[in-house]
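In order, the protein sequences belong to chains Z and H. Start counting the first sequence at 3; every next residue gets the next number (this note's numbering). Start counting the second sequence at 45; every next residue gets the next number (this note's numbering). C-beta: ideal position from N, C-alpha, C; glycine also.
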Amino acid sequence: MSSLSQDVDAVADGIVARADQRFTDLRNDNFRRIDRMFFWLLLGQWLFGILIAVTVSPRAWDGTEWHVHQHVYAAIFLGLGVAGLPMTLTWLYPGRPLTRHVAAASQVLFSALLIHLTGGRIETHFHVFGSLAFIAFYRDWRPLITASVIVAADHFLRGWFWPESVYGVASPEWWRFIEHAMWVVFIDAFLVLSCAFGVRDFRAMAEQTAQVEALAEHAIRGARPA
Amino acid sequence: MKALPKLVVVIAAIAWFTAIVFGGGALLRYSATGGRSSPTPAAWPVTSKLPRDARTTMVMFAHPFCACTQASLAELDRLLTKTRGTATVVFLEPLNVDESWRDSRLIERARGMQGVTVVFDDAGHEASLFGAETSGHVVVYDAGGALRYSGGITQARGHEGWSAGQESLASILGGSASDSSKSPIYGCALTGSQEPEFADKGK
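1. Whole angstroms are fine: how far does the CA of C197 (chain Z) sit from the CA of E152 (chain H)?
2. Mind listing, in chain order, the continuous beta strand (DSSP E) runs of no fewer than 3 residues lying wholly within the segment 70-102 of chain H?
3. Please check if any C-beta of chain H sits within less than 8 angstroms of the C-beta of D48 (chain Z).
4. Have a look at A88 (chain Z) and T101 (chain Z) and give me their C-alpha separation to the nearest angstrom.
5. Return the chain-ordered list of same chain residues with a C-beta closer than 6 angstroms to the C-beta of G200 (chain Z), the five sequence neighbours on each side being excluded.
6. Restricting to runs no shorter than 3 residues, where is the beta strand (DSSP E) found entirely within the segment 112-140 of chain H?
7. I'd like to confirm the pairing. Which residues does DSSP put opposite M104 (chain H) in its beta bridges?
8. With a CB to CB cut of under 7 angstroms and the five nearest residues on each side skipped, what residues in its chain are close to I52 (chain Z)?
9. Pick helix, strand or coil for Y75 (chain Z), following the three-state DSSP scheme.
10. In chain Z, which residues lie less than 7 angstroms from A107 (chain H) when you measure between Cβ atoms?
11. On the three-state DSSP scale, how would you describe T101 (chain Z)?
12. From Z:T66, Z:S59 and Z:V74, pick the residue whose C-alpha is nearest to that of A37 (chain H); which is it?
13. For the candidate residues Z:F112, Z:W176, Z:A107 and Z:D64, whose alpha-carbon lies nearest to that of G79 (chain H)?
14. By Cβ distance below 7 angstroms, which residues in the same chain neighbour S148 (chain H) in space, the five residues on each side in sequence not counted?
15. If you measure beta-carbon to beta-carbon, which residues of the segment 188-215 of chain Z are closer than 7 angstroms to chain H?
16. Measure from the C-beta of P35 (chain H) to each C-beta in chain Z and report whether the shortest distance is under 8 angstroms.
17. In whole angstroms, what is the alpha-carbon distance linking H169 (chain H) and E67 (chain Z)?
18. Would a C-beta distance cut-off of 8 angstroms place L217 (chain H) and T127 (chain H) closer than the cut-off?
19. Can you tell me the Cα-Cα spacing of G159 (chain H) and M184 (chain Z), whole angstroms?
20. 8 angstroms is my cut-off, CB to CB: does E166 (chain Z) come that close to chain H?
21. Compare the C-beta of Q72 (chain Z) with all C-beta atoms of chain H and state if any pair is closer than 8 angstroms.
22. What residue does the beta strand (DSSP E) around T161 (chain H) start on, and which one ends it?
23. With a cut-off of 8 angstroms on the beta carbons, I'd call A155 (chain Z) and F25 (chain Z) a contact; round off their distance for me.
24. Three-state secondary structure (DSSP) at D147 (chain H)?
25. I'd like to confirm the pairing. Which residues does DSSP put opposite K50 (chain H) in its beta bridges?
26. At the 8 angstroms Cβ level, is V58 (chain Z) part of the contact set with chain H, yes or no?
27. Indicate whether the contact test is met: 3 or more Cβ pairs, each with one atom in the segment 187-196 of chain Z and one in the segment 88-99 of chain H, closer than 8 angstroms.
28. Please classify Q238 (chain H) as buried or exposed, where buried requires at least 16 neighbouring CB atoms within 10 angstroms.
29. Just by C-beta distance, which residues in the segment 53-78 of chain H are closer than 8 angstroms to chain Z?
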């Protein structure tokens with residue numbers, strides 16, 4: 003093999019290794035950035051839940067006596083419970099796979115809590131779909147699955163024990179659970195696709211960056227006086 | 045930041061999720077627990093001063109500040125819109141309370157509802173006649189004064205949406221059912237646990 007050919011192979015291997023490194027850096031930077039965003043989102047949702055509880059149902063009454071409504075305690079303590087671990091993980095361990103899964107789980111659990119605090123308002127159910135879209139910002143399809151499984155499990159269990167709270171009727175058809183799950187699968191299909199496109203964009207960006215960096219280094223070496 | 049052992053983190057995540065599930069379960073259980081009620085008289089109480097309709101008389105007993113009763117009023121509003129019926133909403137007015145007990149958001153809302161007449165229940169006298177102990181309790185009597193329905197019309201505490209009570213009530217108002225029904229009532233207690241029952245109960 004000629005010296006020129008060996009040089010070309012070495013340069014190509016260098017670019018590939020550099021592209022792999024840039025790709026990993028880009029993905030990790032994105033994971034950490036979204037983790038930070040989740041920290042503030044979870045904090046905001048916790049405070050929002052408390053605001054809803056103290057606005058909508060601040061007190062429960064027994065005749066002329068009143069005490070703080072259970073919803074206020076739930077918003078403070080259950081909300082803190084839901085947000086606490088993911089906020090800790092996103093702050094102390096950003097970028098880790100478990101952090102992403104816990105944040106995704108927490109986000110859809112917040113949907114359930116907010117739906118409850120708003121008295122089951124149909125409008126609040128849209129929080130689930132907004133949450134799934136936000137989780138897709140990770141450009142990683144796995145946390146989407148975690149979140150979707152929790153949504154499906156919530157529907158299945160409540161549909162089994164308290165169907166009117168989910169479906170609005172006491173004796174829903176057996177396939178109603180599947181109907182609801184299919185709408186989550188519907189949005190998941192597009193979000194998973196967007197994650198795949200996002201990863202592909204990261205890869206293309208990493209390869210371009212690696213090539214530009216290699217060319218720049220080559221040009222600098224060529225311009226350097228012997 | 046030094047990484048914690050993976051096993052510790054996974055155990056913490058599982059413990060966290062389990063605690064959330066149990067906390068959520070407790071919240072759901074609270075929401076699905078109905079309030080108290082005494083037996084509702086089978087015939088319209090003769091001493092009642094509440095207005096009666098020539099056909100069907102529907103009465104809801106309410107606490108002026110009960111957050112859960114917002115949902116009961118919303119469901120009553122839907123029901124009245126659907127059936128074009130009328131109802132009397134009886135707001136509790138205990139003894140020795142200030143003017144705010146006649147001027148709450150719930151009272152304002154009830155006054156704005158089509159087909160609703162708002163009356164105040166001095167010391168809970170009317171509620172005791174009808175055995176109502178929980179805000180949101182609805183009773184329906186036919187033209188002859190016979191009880192047709194007694195119960196709640198929401199699916200949980202403060203939760204709007206379909207409920208078995210509302211469905212049976214809609215059937216009764218539509219004239220397609222004849223038996224009296226009973227559904228859980230979700231709302232605040234009309235009388236406190238520490239205070240005596242309504243001042244003139246039993247008179």
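Looking at the coordinates:
1. As a working mapping, residue 152 (chain H) is identified with position 108 in the second sequence. As a working mapping, residue 197 (chain Z) is identified with position 195 in the first sequence. E152 (chain H) and C197 (chain Z) have their alpha carbons spaced roughly 50 angstroms apart.
2. If only complete runs of 3 or more residues are kept, the segment 70-102 of chain H shows no beta strand (DSSP E) anywhere.
3. Here residue 48 (chain Z) is taken as the residue at index 46 of the first sequence, counted from 1. Here the sequence assigns Trp to residue 48 (chain Z), which means Asp is not the residue at that position. Output row for W48 (chain Z): interface = no.
4. As a first step, residue 88 (chain Z) must be located in the first sequence, where it is residue number 86. As a first step, residue 101 (chain Z) must be located in the first sequence, where it is residue number 99. Residue identity check: residue 88 (chain Z) is Pro in the sequence provided, not Ala. When rounded, the separation of the alpha-carbon atoms in P88 (chain Z) and T101 (chain Z) is 7 angstroms.
5. What you label residue 200 (chain Z) is simply residue 198 of the first sequence in a count that begins at 1. Excluding positions up to five away in sequence, the list reads R141.
6. 131-137, all fully within the segment 112-140 of chain H.
7. Taking the first residue of the second sequence as 1, we reach residue 104 (chain H) at position 60. Answer is H:V133 and H:V182.
8. Position 50 of the first sequence, counted from the first residue, corresponds to residue 52 (chain Z). These residues qualify, in order along the chain: A77, I78 and G81.
9. For the purposes of this step, residue 75 (chain Z) is taken as residue 73 along the first sequence, with counting starting at 1. Helix, per DSSP.
10. Taking the first residue of the second sequence as position 1, residue 107 (chain H) is located at position 63. Rather than Ala, the amino acid found at residue 107 (chain H) in this sequence is His. Against chain Z, the beta carbon of H107 (chain H) has neighbours under 7 angstroms at W63, listed in chain order.
11. Counting from one through the first sequence, the residue named residue 101 (chain Z) turns up at place 99. Helix.
12. The question about residue 37 (chain H) has no answer, for chain H in this structure spans 45 to 247.
13. Start at 1 with the first residue of the second sequence, and residue 79 (chain H) comes out as number 35. Looking at the Cα atoms, Z:D64 is the closest of the given residues.
14. The residue given as residue 148 (chain H) occupies position 104 in the second sequence. The residues are P108 and F109.
15. Within the segment 188-215 of chain Z, no residue has a Cβ that lies closer than 7 angstroms to any Cβ of chain H.
16. Past the edges of chain H, shown from 45 to 247, lies residue 35 (chain H), and the structure says nothing about it.
17. Residue 169 (chain H) sits at position 125 when you count from the first residue of the second sequence. Residue 67 (chain Z) sits at position 65 when you count from the first residue of the first sequence. Approximately 18 angstroms, taken between the alpha carbons.
18. The count along the second sequence starts at 1 and reaches residue 217 (chain H) at position 173. The count along the second sequence starts at 1 and reaches residue 127 (chain H) at position 83. Yes, the Cβ-Cβ distance between L217 (chain H) and T127 (chain H) is below 8 angstroms.
19. Taking the second sequence and counting its residues from 1, one reaches residue 159 (chain H) at position 115. Taking the first sequence and counting its residues from 1, one reaches residue 184 (chain Z) at position 182. Rounded to whole angstroms, G159 (chain H) to M184 (chain Z) spans 41 angstroms at the Cα level.
20. As a working note, residue 166 (chain Z) is residue 164 in the first sequence. Yes, contact with chain H.
21. As a working mapping, residue 72 (chain Z) is identified with position 70 in the first sequence. For Q72 (chain Z), the answer is yes, since a Cβ of chain H falls inside 8 angstroms of its Cβ.
22. Position 117 of the second sequence, counted from the first residue, corresponds to residue 161 (chain H). It spans V160 to D166 - the beta strand (DSSP E) in which T161 (chain H) sits, taken as one unbroken run.
23. Along the first sequence, one-based indexing puts residue 155 (chain Z) at 153. Along the first sequence, one-based indexing puts residue 25 (chain Z) at 23. Not quite, the Cβ-Cβ distance comes to about 34 angstroms (not below 8 angstroms), so this is no contact.
24. Position 103 of the second sequence, counted from the first residue, corresponds to residue 147 (chain H). Coil.
25. Locating residue 50 (chain H) in the second sequence gives position 6, where the first residue counts as 1. Per DSSP, none; premise fails for K50 (chain H).
26. Translated into positions along the first sequence, residue 58 (chain Z) becomes position 56. Chain H, which has a Cβ nearer than 8 angstroms to the Cβ of V58 (chain Z), makes this yes.
27. Contact between the segment 187-196 of chain Z and the segment 88-99 of chain H is absent, because fewer than three Cβ pairs lie under 8 angstroms.
28. Against the second sequence, residue 238 (chain H) aligns to sequence position 194. Per-residue confidence for Q238 (chain H) stands at a pLDDT of 46, beneath the threshold of 50, marking its modelled position as unreliable; no derived number is given.
29. Here the close residues are V53, V54, A56, A57, W60, F61, A63, I64, G67, G68, L71, L72, Y74, S75 and A76.
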